[in-house]
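2 protein chains.
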Amino acid sequence: MRIALAQLNPTIGALEDNLKKITGYYQKALENQAGLVVFTELALIGYPPQDLLTYRHFLDKERKLIVNELAPLTAKNKTPIIIGATHQDNDRLYNAALLLEEGEIKSLHLKTLLPFFDVFDEERYFTRHYDRDIEILDGLPTAVTVCEDIWNDRDYFPVPIYDSDPLEGLFARGARLLLNLSASPYHLGKHALREEMLPFLARKYDTAVIYLNQVGANDELVFDGSSLVYNSRGELLYRSPADKEDLFYVDTDELYKPAKNVIPPDRDDIGTVNQLLKLGTKDFLKKTGFEKAALGLSGGIDSAVVAAIAADALGPENVLGVLMPSPYSTDHSIKDAVALAENLGIKYRTIEIYEPYYAFTGILNEEKTPILDLAEENLQARLRGNIMMHIANREKYMILVTGNKSELAVSYCTLYGDMAGGLAMLSDIPKMKVYELARYINESGGKEIIPQNIINKPPSAELRPDQKDEDSLPPYHILDPILKMYLEETLSPEKIIAEGYERETVEKVVRMVDASEFKRKQAAPGLRFTPNSFGRGRRMPVARGYQHW
Amino acid sequence: MRIALAQLNPTIGALEDNLKKITGYYQKALENQAGLVVFTELALIGYPPQDLLTYRHFLDKERKLIVNELAPLTAKNKTPIIIGATHQDNDRLYNAALLLEEGEIKSLHLKTLLPFFDVFDEERYFTRHYDRDIEILDGLPTAVTVCEDIWNDRDYFPVPIYDSDPLEGLFARGARLLLNLSASPYHLGKHALREEMLPFLARKYDTAVIYLNQVGANDELVFDGSSLVYNSRGELLYRSPADKEDLFYVDTDELYKPAKNVIPPDRDDIGTVNQLLKLGTKDFLKKTGFEKAALGLSGGIDSAVVAAIAADALGPENVLGVLMPSPYSTDHSIKDAVALAENLGIKYRTIEIYEPYYAFTGILNEEKTPILDLAEENLQARLRGNIMMHIANREKYMILVTGNKSELAVSYCTLYGDMAGGLAMLSDIPKMKVYELARYINESGGKEIIPQNIINKPPSAELRPDQKDEDSLPPYHILDPILKMYLEETLSPEKIIAEGYERETVEKVVRMVDASEFKRKQAAPGLRFTPNSFGRGRRMPVARGYQHW
Chain A
834 MRIALAQLNP TIGALEDNLK KITGYYQKAL ENQAGLVVFT ELALIGYPPQ DLLTYRHFLD
894 KERKLIVNEL APLTAKNKTP IIIGATHQDN DRLYNAALLL EEGEIKSLHL KTLLPFFDVF
954 DEERYFTRHY DRDIEILDGL PTAVTVCEDI WNDRDYFPVP IYDSDPLEGL FARGARLLLN
1014 LSASPYHLGK HALREEMLPF LARKYDTAVI YLNQVGANDE LVFDGSSLVY NSRGELLYRS
1074 PADKEDLFYV DTDELYKPAK NVIPPDRDDI GTVNQLLKLG TKDFLKKTGF EKAALGLSGG
1134 IDSAVVAAIA ADALGPENVL GVLMPSPYST DHSIKDAVAL AENLGIKYRT IEIYEPYYAF
1194 TGILNEEKTP ILDLAEENLQ ARLRGNIMMH IANREKYMIL VTGNKSELAV SYCTLYGDMA
1254 GGLAMLSDIP KMKVYELARY INESGGKEII PQNIINKPPS AELRPDQKDE DSLPPYHILD
1314 PILKMYLEET LSPEKIIAEG YERETVEKVV RMVDASEFKR KQAAPGLRFT PNSFGRGRRM
1374 PVARGYQHW
Chain B
834 MRIALAQLNP TIGALEDNLK KITGYYQKAL ENQAGLVVFT ELALIGYPPQ DLLTYRHFLD
894 KERKLIVNEL APLTAKNKTP IIIGATHQDN DRLYNAALLL EEGEIKSLHL KTLLPFFDVF
954 DEERYFTRHY DRDIEILDGL PTAVTVCEDI WNDRDYFPVP IYDSDPLEGL FARGARLLLN
1014 LSASPYHLGK HALREEMLPF LARKYDTAVI YLNQVGANDE LVFDGSSLVY NSRGELLYRS
1074 PADKEDLFYV DTDELYKPAK NVIPPDRDDI GTVNQLLKLG TKDFLKKTGF EKAALGLSGG
1134 IDSAVVAAIA ADALGPENVL GVLMPSPYST DHSIKDAVAL AENLGIKYRT IEIYEPYYAF
1194 TGILNEEKTP ILDLAEENLQ ARLRGNIMMH IANREKYMIL VTGNKSELAV SYCTLYGDMA
1254 GGLAMLSDIP KMKVYELARY INESGGKEII PQNIINKPPS AELRPDQKDE DSLPPYHILD
1314 PILKMYLEET LSPEKIIAEG YERETVEKVV RMVDASEFKR KQAAPGLRFT PNSFGRGRRM
1374 PVARGYQHW
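In the order they appear, the protein sequences are chains A and B.
All letters in the first sequence, in the order written, are residues 834 to 1382 by our numbering.
All letters in the second sequence, in the order written, are residues 834 to 1382 by our numbering.
In structure tokens:
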């Protein structure tokens, strides 16, 4: 049998548009003699739909489209469809894979394992279903599974998260093909994890594995496609691209003999991050109805990387850089920002904040002139925020926030100031990785795209004369690993200190993180690249005691 | 037996402070000859701790305090403790009630029903536990339950949410007392619901019921105490206050004979809302370490109500009103705002935004003067936001956002402008209810606290000459019920139209709500008064298609 698999990039809730994509791929697969066409998890709705799932009429409409539009396609030919969709039964909602055949819903495979941690909320919407059976597809006994269903192997994971493993039952019933419909978002290291775990399952159960993933970004989550096909020896036969839709074919005959060409495993690296930042930015704009993005260009490394990636993702003609010098901006910053804009070929304009700044100190200070306290540093950042939002409102630009994760973690940023905007592209990228991105962009571009001076100079917010980040913060090569241990690995300060960091530094960093939850509650959505990232991945109370460390 | 019950107001994560409260109440209960002392759900940690629960060392510290500090108190006397706490077993975490007796943890009652909807996330942290047993307390067979455990009665709820009901097993084993340790947040109608459901259980199982609730606000959630005691006839014997801690006593002898005085059931009303807005504001400031609050006084109804409640909650000497007239402010607004501030006895100051406004139009408009587009309306709001945040940063005020739920729902507010601040007191209170609050404040105060002119005049944002809310929005008496049906009841537009509302209006309102998720993602936390409220209660994607209605 020839199976066609569609790695989809759906827009959440856009049922009609997603249906059009699905029927388009189905037709194309028919033309290519497919005997079965498979789509991703919740393909019509898009993943994650969040509380759209609480609207019953929305779910009813999804089902109507499946019954009235999609299933009928299978009536006229012998090519069934397997598609991820919701299923309602007896006032319970399930996350299901439906087999559409001969014009109707022929069978259901209801998801057992519902992820509930990090960015996932499936227990909020769906009921677990334990009773699973295999599907015979053209004679081939198949374990039809939905995403998390395959991620609880007791031989692979030292501490399985769930108390049951649906694969055990399905393979006890004789499955020879593991088919997985996924919507699995990216984080650093995910490629390596998938490409180790999936061949492990192939060998353990002597089964072929087809792993079909969603692609494209939905809000914070970037789905990195990279669908995979393994033969029953665990040899990799196919990998989809990470950043676009893909319709690919698998001949089941090929799955049970040695591979002609084994594809080497992928180790995701800074190139993957760059690629997915582009995808995340492009999709966020497209799916919110924007074409153009604007950002403040400070002459620093963060805004340089954001500008370069945005220019690459949207086309330089759709990116506007705004230079907003204050009395404390240095000449080199302005020069560097202009050089960057010209290297990228993006539009730029300069709007000085002198006049509103002095207008404000005039009405806010007794002596009328700046007194250079922290409030005035924040004021400068907010005046820039005002200008960016004014451009957004008047000229319909999406504003890109340029701050990185290290800053956001320790509160080295101004609420409603440099934090203002629609998408925080780098808010889950630590500062050291921003440098890595800058070097990668120049190296892979084969020329100096980001001016070397921007990469070389010590980072500064330039909100008062001669300010440097390191006046307030530990050096980033010390800060970043502490943040990783505290945020991603949820280690205690004592354990971090035991890793060889100074007590004083660790306690200061943890205190800064804990005390700034109120800011992050109001931060723009950011693209997620780590486990337990700020936003959906880390949900912390604002009003609380801090004695826990 | 004499049972002491402590209706606690814990601060999330403040283990040491909460322990001090707990031991203090225990000592007091001993002095009053209690034979058992009961505390609320997760009493040491406070509810809801959210992702603090993902930090193992935090949970270990909670357990250490229980084992080393709390349990030993019970070694020297015959008075055990029942307290809500986490329990770790075999890499799983449970939400438990612990019985501490003779110096150690004598038994465990692990929560079965974990709420997963609306503002609740318990499936994210805890494992369900089905195997439950009764506890014999001084000879009395008792069903020791944790919060949600009692909310799935198949005779009371037409569609039970969970597939099991722990009460059935516990009462089959002969329980005569239902003891419930709760942390149950308020929403409108909750009093009526509790005071109907609990006596129903008493009568159904012929059991006495002691319902012990947490009190006080934690971020968005306001826990309204109102702990309740019913005898086995379902007669109400005791109700705790809704807005403060309470240590109360129940003599178990009294629970199985007719009540001497039956307390009439409570119907929560606008007075309850006023009381809990005060509590929510007071606790948010206290638990984030603030003493003083500031707000913009526009002369409108929303800021008037916020100012009145803040003055009542924090003391007028701790509230600062800031008048920030623009060229489009009317004289009556300034006069009304001053009259309000003087009625309340709060501090106030006037900072005109003319100069920064013209400084901005000078650098942003070719013609240098205002052109009165939407961007400039937002600009005015953001200049006011700048001033408020400047006051916050320089003078350590918590900024209260004054917008109401109706505005926030349909996006009639400016991001980083009037939406800027630390707590959005009224963001879950619809406009019509803001009027009701204003009238209540004047009536219950016995004088004109909020000037009648503020209540009478048609609402206006005053961001351009002669602007009125009704130029852009349906009248609030039509808007509010549509919002309630769409947001709280998750009804489809078709069903709302069928209730008698115009198609055009309903579709416009739904479109406005759907299109403004991006703004609410960056809104300040607000106090919750309805089911599925913005914030934790309603989690919607930003980037999405809108065809679902």
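Just so you know, even glycine gets a beta-carbon here, dropped at the ideal spot from N, CA and C.
Source: prediction; values computed, not measured.
Using the rule of at least 16 other Cβ atoms within 10 Å of the residue's Cβ for burial, across every protein chain shown, is residue i buried or exposed?
i         : result
Pro999/B  : buried
Phe1351/B : buried
Glu1240/B : buried
Thr1323/A : buried
Ile1292/A : Reading off the sequence shown, one finds Pro at residue 1292/A, where the question assumed Ile. So Pro1292/A counts as buried.
Gln866/A  : exposed
His1381/A : In this prediction, His1381/A has a pLDDT of 49, which is less than 50 and means its spatial position is unreliable; nothing more can be read from the coordinates.
Ser1305/B : exposed
Thr1183/B : exposed
Tyr858/A  : buried
Just to confirm the assignment, what range does the beta strand (DSSP E) spanning residue i have?
i         : result
Arg1361/A : Where Arg1361/A is concerned, there is no enclosing beta strand (DSSP E), given that its DSSP letter is neither H nor E.
Asn928/B  : Arg925 to Glu934
Val1055/A : Leu1054 to Asp1057
Ser940/A  : Glu937 to Leu943
Lys1093/A : Here Lys1093/A belongs to no beta strand (DSSP E), and DSSP marks it neither H nor E.
Lys1180/B : Lys1180 to Thr1183
Gly917/A  : Ile914 to Asp922
Tyr1161/B : From DSSP, Tyr1161/B is part of no beta strand (DSSP E); its letter is neither H nor E.
Tyr802/A  : Within the shown structure, residues of chain A are numbered from 834 to 1382, placing residue 802/A beyond reach of any answer.
Leu1130/B : Note, Leu1130/B: premise wrong, no beta strand (DSSP E); not H, not E.
Tyr1082/B : Asp1079 to Asp1084
Round the Cβ separation of residue i and residue j to the nearest angstrom and send it over; I've been treating them as touching at under 8 Å.
i         : j         : result
Asn928/B  : Lys911/B  : Not really, about 28 Å apart at Cβ, beyond 8 Å.
Ile1167/A : Pro1160/A : Their Cβ separation, rounded to whole angstroms, is 13 Å, which puts Ile1167/A and Pro1160/A out of contact at 8 Å.
Pro1374/B : Ile845/A  : 5 Å
Ile1142/A : Thr1105/A : With 8 Å as the limit, Ile1142/A and Thr1105/A do not qualify as a contact, their Cβ atoms being about 13 Å apart.
For the alpha helix (DSSP H) containing residue i, list its first residue and its last residue.
i         : result
Val1342/B : Arg1336 to Ala1348
Gly1113/A : Ile1103 to Thr1121
Val1152/A : No alpha helix (DSSP H) contains Val1152/A, which is instead part of the beta strand (DSSP E) from Val1152 to Leu1156.
Tyr1309/B : Tyr1309 to Leu1316
Val1139/B : Ile1134 to Leu1147
Ala1075/B : Where Ala1075/B is concerned, there is no enclosing alpha helix (DSSP H), given that its DSSP letter is neither H nor E.
Tyr1063/B : Here Tyr1063/B belongs to no alpha helix (DSSP H); instead the beta strand (DSSP E) covers Leu1061 to Tyr1063.
Leu1320/A : Segment: none, Leu1320/A is in no alpha helix (DSSP H) and carries neither H nor E.
Leu1324/B : Neither: Leu1324/B is in no alpha helix (DSSP H) and is coded neither H nor E.
Glu1188/B : Tyr1187 to Leu1197
Run the proximity test for residue i: is its beta-carbon closer than 8 Å to any non-hydrogen atom belonging to the ligand NAP?
i         : result
Asp1164/B : In terms of ligand content, the structure shown is empty, and the ligand NAP therefore cannot be addressed.
With a threshold of 8 Å, are at least 3 pairs of Cβ atoms found where one atom belongs to the stretch 837-847 of chain B and the other to the stretch 860-873 of chain B? yes
Which ranges would you report for the beta strand (DSSP E) in the stretch 946-1008 of chain A if only whole runs of at least 3 residues count? 968-970 and 973-979
Given 8 Å, three or more beta-carbon pairs between the stretch 979-991 of chain B and the stretch 1000-1017 of chain B: yes
Can you check the stretch 1199-1249 of chain B for any beta strand (DSSP E) of at least 3 residues that lies completely inside it and give the ranges in chain order? 1231-1234
Within 8 Å, do at least three Cβ pairs link the stretch 1200-1210 of chain B to the stretch 1288-1300 of chain B? yes
Ignoring anything shorter than 4 residues, give me the alpha helix (DSSP H) runs that lie fully in the stretch 835-911 of chain B, in order along the chain. 848-864 and 889-898
Return the chain-ordered ranges of every beta strand (DSSP E) run that is complete within the stretch 1005-1055 of chain A and spans a minimum of 3 residues. 1010-1014, 1041-1045 and 1048-1051
Let me know the alpha helix (DSSP H) ranges lying completely inside the stretch 1242-1304 of chain B, each 4 residues or longer, listed in chain order. 1264-1278 and 1285-1289
Is there contact between the stretch 948-958 of chain B and the stretch 930-941 of chain A, where contact requires at least three CB pairs shorter than 8 Å? no
Looking at C-beta atoms only, is the number of pairs between the stretch 1344-1364 of chain A and the stretch 1258-1268 of chain A that lie closer than 8 Å three or more? yes
Closer than 8 Å is the cut-off here; do at least three beta carbon pairs connect the stretch 1109-1116 of chain B with the stretch 1060-1079 of chain B? yes
On the three-pair Cβ rule with 8 Å, is the stretch 953-968 of chain B touching the stretch 985-992 of chain B? no
Does the stretch 961-971 of chain B touch the stretch 1035-1054 of chain B, meaning 3 or more C-beta pairs lie closer than 8 Å? no
Kindly confirm or deny that the stretch 1272-1288 of chain B and the stretch 1121-1131 of chain B touch, where touching means at least three C-beta pairs closer than 8 Å. no
Taking 8 Å as the cut-off, does the stretch 1217-1228 of chain A touch the stretch 1221-1231 of chain B (at least 3 CB pairs, one atom from each stretch)? no
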